[in-house]
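*Asks:*
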Amino acid sequence: MRMDSPDLLGFDTFAITTPIRVEQVEQVEILDAQGQLVASHAFAQGDTAGGSGLAINTIAEDHFSVRFPRIQADDSLLKIKFRASVLAFSTEFRGQASLSSEPGSFQNVTSGNSANLGDEDQPTRSGTTVLSPSIIRSERLIDALELTPNPFTPNGDGINDQVAITYNILALTKAGAVAVRLYDLSGRLVHTLQQTALSNGRYALSWDGRTADGHLVPPGVYLLGITVAGDQGDDLRAHPLSVAY
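Start counting the sequence shown at 284; every next residue gets the next number (my numbering).
1) Asp518 to Phe294, Cα distance in whole Å?
2) Three Cβ pairs or more, each shorter than 8 Å: is that satisfied between the segment 482-490 and the segment 447-456?
3) Return helix, strand or coil for Val369, following the three-state DSSP convention.
4) Can you pull the DSSP bridge partners for Leu499?
5) Using beta carbons (cut-off 9 Å, strictly below), is Gln319 in contact with chain C?
6) Would you list the residues sitting across from Asp517 in a DSSP beta bridge?
7) Report, in whole angstroms, the separation of the C-beta atoms of Ser359 and Leu314, which I expect to be a contact under 8 Å.
8) Have a look at the DSSP bridge pairing and note the partners of Phe389.
9) Using the Cα positions of Phe435 and Gly503, report the straight-line distance between them to the nearest angstrom.
10) Which value, in whole angstroms, describes the spacing of the CA atoms of Gly329 and Arg471?
11) How many Å lie between Pro302 and Val308 at the Cα?
12) Tell me whether Ser359 sits in a helix, a strand or coil according to DSSP, three-state version.
13) Should Arg408 go down as buried or exposed, given a rule of 16 or more other Cβ atoms within 10 Å for buried?
14) Tell me Val308's beta-bridge partners as DSSP assigns them.
Structural data, given as C-alpha cells:
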C-alpha cells in the first residue's frame, strides 16, 4: 500500500466486490516494508474472528470486507486470500480501503503492480481484473445447479415442504432468456417455475410442489430443467427431483 502523505490516518478495513457471494475468505496477512510478517490468520470455513486483531467483517452477496490493526506505514503489504467464482470471461474485483473510526471516508484501490506477491506472481498481469478463458472454452451458460432438499415432502407439516433451487448463469454478454421447468420421466411438461430474462449471477427460487392450477404433483421422480439462451447458442441443465408424501 502506498501512503502518499505522512498525515494520512491509514486504514483498518478493506472491502472487495465479488460477482456472487464469496465461497471462503481463507487468509489475511500484513507485512511491513521490509517484508516482515506483522500479522496473519488463516480462517477455517465459517470462522470470522482470528488472532492479532484480524477478522472477517462482512460477507454479502456482492462483496466482503475484513478488519485488521490499522495500517499507516508506507509500503506495507496487505494480502487477502479468498475463493470466489467468476461468471464471465473478464471479472473485475474492486477494492476499497477505509478507516472504521471515520465513517464515509474511503479510498478506492488503483490497479497495478505495487508489490511482489510471491514466486507465482506475474508483474505484467497484476491488476484487479481476472480473465477466465475456461469459461469461454467450456461453452457452459449454467453452473452449480443445486436442489435442496431432494427429495422434498410438500405435505404441509412445515418440514421440507419446499425445495430450494439455486444456480449460476455465466458467460453471457447481455441478458438472456431463462426458463426453469419441471418434466415427468416421459418428457411431458408438468410445470414452469420460472421464465424471465437474466444476466450473469447467482439465482435462487423455491417451489412448493404445486402446479399453476394449485394442485400438488403426484409423488415420484421428475426432471428439473433449466435452459438459457446465449449469444452463440443455448444451454440446458437437468437434475432429478424426487417428491414424496
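By construction, the Cβ of each residue, glycine as well, lies at the ideal position given by its N, Cα and C atoms.
*Replies:* Let's see:
1) Reading the sequence shown from its first residue, position 235 is the one you call residue 518. Reading the sequence shown from its first residue, position 11 is the one you call residue 294. Taking the straight line from one Cα to the other gives about 45 Å.
2) Result yes; three or more Cβ-Cβ pairs closer than 8 Å.
3) Residue numbering aside, residue 369 sits at position 86 when the sequence shown is read from its first letter. Correct three-state label for Val369: coil.
4) Along the sequence shown, read from residue 1 onward, the residue named residue 499 stands at position 216. BP columns for Leu499 point to Arg493.
5) Absent from the structure is chain C; it holds one protein chain and no more.
6) For this step, residue 517 is matched to residue 234 along the sequence shown. For Asp517, which the question treats as bridged, DSSP gives the partners Ala512.
7) Indexing the sequence shown from 1 puts residue 359 at position 76. Indexing the sequence shown from 1 puts residue 314 at position 31. Indeed, because the Cβ distance is near 7 Å, the residues count as touching under 8 Å.
8) Sequence index remark: in the sequence shown, residue 389 carries index 106 (1-based). Phe389 is bridged to Ser381.
9) As a first step, residue 435 is located in the sequence shown; it is residue number 152 there, counting from the start. As a first step, residue 503 is located in the sequence shown; it is residue number 220 there, counting from the start. Their Cα atoms are separated by approximately 11 Å.
10) As a first step, residue 329 is located in the sequence shown; it is residue number 46 there, counting from the start. As a first step, residue 471 is located in the sequence shown; it is residue number 188 there, counting from the start. About 42 Å.
11) In the sequence shown, residue 302 corresponds to position 19, counting from 1. In the sequence shown, residue 308 corresponds to position 25, counting from 1. Roughly 15 Å between the two C-alpha positions.
12) Here residue 359 is taken as the residue at index 76 of the sequence shown, counted from 1. Note: Ser359 maps to coil in three-state DSSP.
13) Looking up residue 408 in the sequence shown gives position 125. Since pLDDT at Arg408 reaches only 48, below the 50 mark, its modelled position is unreliable, and the value read off the structure follows with that caveat. With fewer than 16 other Cβ atoms within 10 Å, it is exposed.
14) Taking the first residue of the sequence shown as position 1, residue 308 is located at position 25. Note: Val308 sits in a beta bridge opposite Phe365.
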